[in-house]
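Asks: Residue numbers (my numbering), protein chains in the order written: chain L, 1 to 292; chain H, 1001 to 1317.
Heads up, the beta-carbon is just placed ideally off N, CA and C, and yes, glycines get one too.
Since we're looking at a predicted model, the values are computed, not measured.
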Amino acid sequence: MQTIGQQLINGLSLGSIYALLALGYTMVYGIIKLINFAHGDIYMLGAFWGYYVINVLHVNFIVALLSAMVFCALVGVVIEAIAYRPLRHSPRITALITAIGVSFLLENGMSYLFTANTRNFPQVIKTVTWHFAGMRISNIQVLILVTACLLMLILELIIKKTKMGKAMRAVSVDPTAAQLVGINLNHTISFTFALGSAMAGAAGVLIGLYYNSIDPLMGMTPGIKAFVAAVIGGIGSVPGASLGGFIIGLLETAVQAIGLSAYKDAVVYVVLIVILLVLPAGIFGKNVKEKV
Amino acid sequence: MKTTLKANAVWLGVMILGFVVIDAAEFAGLVNTFIENMLVTIGINVILATGLNLIIGFSGQFSLGHAGFMAIGAYATGIITQSIATPLGFYLSMIVGIFVAIIAALIVGIPTLRLRGDYLAIATMGAAEIIRILINNLKITNGAAGLFNIPALASWATVYTIMCVTTIVTVNFIHSRGGRAVMSVREDEIAAEAMGINTTRWKLAAFVFGAATAAIGGSLHAAYIQTIAPSDFNIMASIAILIIVVLGGVGSITGTFVAAIVLGALDTILQNFGTLRMIIYSLALILIMIFKPTGLLGNWELSFKRLNHHKEVSAHE
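(1) Please list, in chain order, the residues of the segment 93-110 of chain L that have any C-beta partner in chain H closer than 7 Å.
(2) May I ask you to list, following chain order, the residues of the segment 233-246 of chain L that have a beta carbon less than 7 Å from some beta carbon of chain H?
(3) Using 9 Å as the threshold, is the C-beta distance between Leu1093 (chain H) and Thr1081 (chain H) below it?
(4) Taking its Cβ as the centre, do 16 or more other Cβ atoms sit within 10 Å of Phe1090 (chain H), making it buried, or is it exposed?
(5) What residues of chain L sit near Asn1045 (chain H), judged by a beta carbon separation below 8 Å?
(6) Quick check: what's the CA-CA separation for Gly196 (chain L) versus Trp1156 (chain H)?
(7) Give me the residue from L:Ala200, L:Phe284, L:Val28 and L:Ser261 with the minimum Cα distance to Arg88 (chain L).
(8) So, is Phe48 (chain L) buried or exposed, given that buried needs 16 or more other C-beta atoms within 10 angstroms?
(9) Taking Leu1048 (chain H) and Ile1022 (chain H) to be in contact with their CB atoms under 8 Å, please state how far apart those CB atoms are, rounded to whole angstroms.
(10) Just checking my contact of Gly1068 (chain H) with Arg1114 (chain H) at CB under 8 Å: how many whole Å lie between their CB atoms?
(11) Report yes if the CB atom of Ile1320 (chain H) is closer than 9 Å to the CB atom of Ile1150 (chain H), and no otherwise.
(12) Let me see if you follow: with CB-CB separation under 9 Å, is Leu206 (chain L) close to chain H or not?
(13) Name the two residues that bound the continuous beta strand (DSSP E) containing Met218 (chain L).
(14) Can you tell me whether Asp1188 (chain H) is buried or exposed? The criterion is at least 16 other CB atoms within 10 Å of its CB, across all chains shown.
(15) Using 8 Å as the Cβ pair cut-off and three pairs as the minimum, do the segment 162-181 of chain L and the segment 10-18 of chain L touch?
(16) Round the Cβ separation of Leu143 (chain L) and Ile125 (chain L) to the nearest angstrom and send it over; I've been treating them as touching at under 8 Å.
(17) Can you name the start and end residues of the beta strand (DSSP E) that Thr129 (chain L) belongs to?
(18) Restricting to runs no shorter than 3 residues, where is the beta strand (DSSP E) found entirely within the segment 43-88 of chain L?
(19) Where DSSP assigns a beta bridge to Arg119 (chain L), which residues make up the other side?
(20) Counting only the same chain and skipping the five closest in sequence on each side, list residues whose C-beta sits under 8 Å from that of Ala978 (chain H).
(21) What does Met135 (chain L) pair with, by DSSP beta-bridge criteria?
(22) Look at the Cβ atom of Leu151 (chain L), then the Cβ atom of Ala68 (chain L), and state whether they are nearer than 9 Å.
(23) Suppose the cutoff is 7 Å on Cβ atoms and the five residues either side in sequence are ignored; what does the same chain contact list for Gly236 (chain L) look like?
(24) Quick check on Leu1147 (chain H): does DSSP put it in helix, strand or coil?
(25) Please check if any C-beta of chain L sits within less than 9 Å of the C-beta of Phe1062 (chain H).
(26) Sort L:Met110, L:Glu252, L:His131 and L:Phe71 by Cα distance to Asp265 (chain L) and report the nearest one.
(27) Looking only at its chain, what residues have a beta carbon closer than 8 Å to the beta carbon of Leu1234 (chain H), apart from the 5 residues adjacent to it on each side?
(28) Let me make sure I understand the geometry here. Which of H:Val1108, H:Ile1286, H:Gly1146 and H:Ala1211 has the alpha-carbon closest to that of Ile97 (chain L)?
(29) Going by CA-CA distance only, name the one from L:Leu155, L:Pro122 and L:Ser190 that's closest to Val75 (chain L).
(30) Starting from Ile1103 (chain H), follow its DSSP beta bridges and name the residues at the other end.
(31) Using a beta-carbon distance cut-off of less than 7 Å, what residues from the segment 248-279 of chain L approach chain H?
(32) If you follow the alpha helix (DSSP H) that Trp1300 (chain H) is part of, which residue opens it and which one closes it?
(33) Is it buried or exposed for Gly1117 (chain H), if we count other Cβ within 10 angstroms and need 16 for buried?
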């Protein structure tokens, strides 16, 4: 019982990181139907930004988190404007290859500029471990969970309550019709990238704090897993992405806990394939009927 | 039928000419080990990318799991030739690899080919990762360390010959009745179904065909490089093959050849740049995609049959 509770907590903290990342994938996919392969690398940039502002400028955690979000939002908007906007009307596979190119560029550019070494993330917040009913909960885990949930709530409010959010939803349903009612397509897409990248930046700082180590290639695997999470939840659906992230996080820790850590990624992919076969559009995805 | 035979004969001539040219260059000492390595890599990449192009470009199914099937071929060769270190053992291992890859492709393909577009891509990527993780944890494959000291049973000539054979077979499949059925599925699945084409069957046929060629490529890779590890066949390896297909032009076999040669040469030239190599590579990739979104050749195809046809038409006029 205690182990289950312990693993539940570990899984939820890991899952909230995946959920934050998956939100970026799902929003970008929902609006321009692009698997943004560079998203995991934006998360890496967020972690590095946090590392530098904390080490060089000695700011506190909140400032580091917020500045990383702003920085990543800017990076996301710039990437979209330079690399993806010229390809909006090209075959989708072309845009996908470009996204892979951007991902390679960010990974190798960072390795070139700052060396590929793994470095320790500064511990701005002293880790305190609470013992509660036989379980160990660190304040970092609580912080990750609370921050992630808060950010997801804010995101949900932006999408559901603001004018820009309404524009985003309109563009994702039908870009042409959205333009006809006076929505600026470019602004809306840029805003989507900014939101998604800000979430990834926050996830980067949080994971730095949690795992204590960062390197230029850290975004690759979590990026792919977060995308899997978005697909499981139903790509294009915001609550689906959060749910998918938590499912993947819990699944991974559960498989690790029963001693099969070598197979933890395989289990994630098996679940992915099974869910896709049963629910081809994911858990919350809309199943669009095909018309002739 | 006659024109097909004629076109095949012309292609055979071109291939023999290519062989003679490389052989002469080797004899004259123009090809050092460095360049030979590049040529073999290009050859293996052509085999892999032609198979993937059949799946993506001709049947229109987006597969991201090519490296998984390549791994099956590579490990079949690695394991079998360590006990039977003869050319016969090599070809036997290649056949075993093809068989296992076909079975794996059927297991993966029958359920997942119902999915569409990006969902299929992500499912095939997951399947390839499952194959890789299994190899990573099995005893017979020596786990994460991989296999080394695999007997060197593939020379550049073997790779060249097999590349020619797989290309001829693939192109002839594309131009056959089955190939047209596969392409009709790409153009419009519902219309194809209405015309009485069993879409699932032809999608699966293209997928299995592609998996078999990937296994051949993997066998050659193992026998030439002589060292294989599970990490050689990760998602990035699948993406590297995908890049060749898209760069050359989805649905153009000629484009696949051009892209494999361009990327192979680029890679060799960039070796001198050290760490800057991947940065230049990724920038080149982004720029080519932005300025030439359909790939280098689009869906243009070099065809002697068509050239011949043009000549005949003008002669009649």
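Replies: In terms of the structure at hand:
(1) Ile93, Thr94, Ile97, Thr98, Ile100, Gly101, Val102, Phe104, Leu105, Asn108 and Gly109
(2) Residues: none.
(3) For this step, residue 1093 (chain H) is matched to residue 93 along the second sequence. For this step, residue 1081 (chain H) is matched to residue 81 along the second sequence. Checking the sequence, you will find Ser at residue 1093 (chain H) rather than Leu. Cβ atoms of Ser1093 (chain H) and Thr1081 (chain H): closer than 9 Å.
(4) Here residue 1090 (chain H) corresponds to residue number 90 of the second sequence, with the count starting at 1. With 16 or more other Cβ atoms within 10 Å, it is buried.
(5) Locating residue 1045 (chain H) in the second sequence gives position 45, where the first residue counts as 1. Ordered by position in chain L, no residue passes the 8 Å Cβ test against Asn1045 (chain H), which lies about 16 Å from the chain.
(6) Taking the first sequence and counting its residues from 1, the one referred to as residue 196 (chain L) is at position 196. Taking the second sequence and counting its residues from 1, the one referred to as residue 1156 (chain H) is at position 156. If you take the alpha carbons of Gly196 (chain L) and Trp1156 (chain H), they lie about 48 Å apart.
(7) For the purposes of this step, residue 88 (chain L) is taken as the residue at position 88 of the first sequence. Of the candidates L:Ala200, L:Phe284, L:Val28 and L:Ser261, L:Val28 places its Cα closest to the Cα of Arg88 (chain L).
(8) The count along the first sequence starts at 1 and reaches residue 48 (chain L) at position 48. Classification for Phe48 (chain L): buried.
(9) Stepping through the second sequence from its first residue, residue 1048 (chain H) is reached at position 48. Stepping through the second sequence from its first residue, residue 1022 (chain H) is reached at position 22. At roughly 20 Å, the Cβ-Cβ gap does not stay under 8 Å, so Leu1048 (chain H) and Ile1022 (chain H) are not in contact.
(10) Translated into positions along the second sequence, residue 1068 (chain H) becomes position 68. Translated into positions along the second sequence, residue 1114 (chain H) becomes position 114. Their Cβ separation, rounded to whole angstroms, is 19 Å, which puts Gly1068 (chain H) and Arg1114 (chain H) out of contact at 8 Å.
(11) In the structure as shown, chain H begins at 1001 and stops at 1317. Residue 1320 (chain H) is therefore absent and cannot be evaluated.
(12) One-based indexing of the first sequence puts residue 206 (chain L) at position 206. Closer than 9 Å: no.
(13) For the purposes of this step, residue 218 (chain L) is taken as the residue at position 218 of the first sequence. Note, Met218 (chain L): premise wrong, no beta strand (DSSP E); not H, not E.
(14) Here residue 1188 (chain H) refers to the residue found at position 188 when the second sequence is read from its first residue. Counting every other CB atom within 10 Å of its CB across the protein chains shown gives Asp1188 (chain H) a total below 16, marking it as exposed.
(15) no
(16) Here the question's residue 143 (chain L) lines up with position 143 in the first sequence. Here the question's residue 125 (chain L) lines up with position 125 in the first sequence. That pair is a contact at about 7 Å.
(17) Counting from 1 along the first sequence, the entry for residue 129 (chain L) is found at position 129. Counting along the chain, the beta strand (DSSP E) containing Thr129 (chain L) begins and ends at Thr129 to Phe132.
(18) none
(19) Locating residue 119 (chain L) in the first sequence gives position 119, counting from the first residue. BP columns for Arg119 (chain L) point to L:Ile214.
(20) The structure shown does not extend to residue 978 (chain H), since chain H spans only 1001 to 1317, so no value can be given for it.
(21) Indexing the first sequence from 1 puts residue 135 (chain L) at position 135. In the DSSP output, where bridge partners are listed per residue, Met135 (chain L) has L:Phe132.
(22) Residue 151 (chain L) sits at position 151 when you count from the first residue of the first sequence. Residue 68 (chain L) sits at position 68 when you count from the first residue of the first sequence. Not closer than 9 Å, so no.
(23) Here residue 236 (chain L) refers to the residue found at position 236 of the first sequence. Within the same chain, Gly236 (chain L) has close Cβ partners Thr26, Tyr29, Gly30, Ser172 and Gly285.
(24) One-based indexing of the second sequence puts residue 1147 (chain H) at position 147. Correct three-state label for Leu1147 (chain H): strand.
(25) Within the second sequence, numbered from 1, the residue matching residue 1062 (chain H) stands at position 62. It does: the Cβ of Phe1062 (chain H) has a partner Cβ on chain L nearer than 9 Å.
(26) Taking the first residue of the first sequence as 1, we reach residue 265 (chain L) at position 265. Selected option, being the one with the closest Cα: L:Glu252.
(27) The sequence position of residue 1234 (chain H) within the second sequence is 234, counting from 1. According to the sequence as given, residue 1234 (chain H) is Asn; it is not Leu. So the qualifying residues of the chain are Ala1067, Glu1129 and Arg1132.
(28) Position 97 of the first sequence, counted from the first residue, corresponds to residue 97 (chain L). Nearest option by C-alpha distance: H:Ile1286.
(29) Position 75 of the first sequence, counted from the first residue, corresponds to residue 75 (chain L). That would be L:Ser190, whose Cα lies nearest to the Cα of Val75 (chain L).
(30) In the second sequence, counting from the first residue as 1, residue 1103 (chain H) sits at position 103. Within the DSSP bridge table, the entry for Ile1103 (chain H) names no partner.
(31) Those residues of the segment 248-279 of chain L that come within reach of chain H (Cβ to Cβ, closer than 7 Å) are Ala262, Tyr263, Asp265, Ala266, Tyr269, Val270, Leu272, Ile273, Leu276 and Leu277.
(32) On the second sequence, position 300 is the one that residue 1300 (chain H) refers to. Counting along the chain, Trp1300 (chain H) falls outside any alpha helix (DSSP H), and DSSP gives it neither H nor E.
(33) If you number the second sequence from 1, residue 1117 (chain H) lands on position 117. When all chains shown are included, Gly1117 (chain H) counts as exposed.
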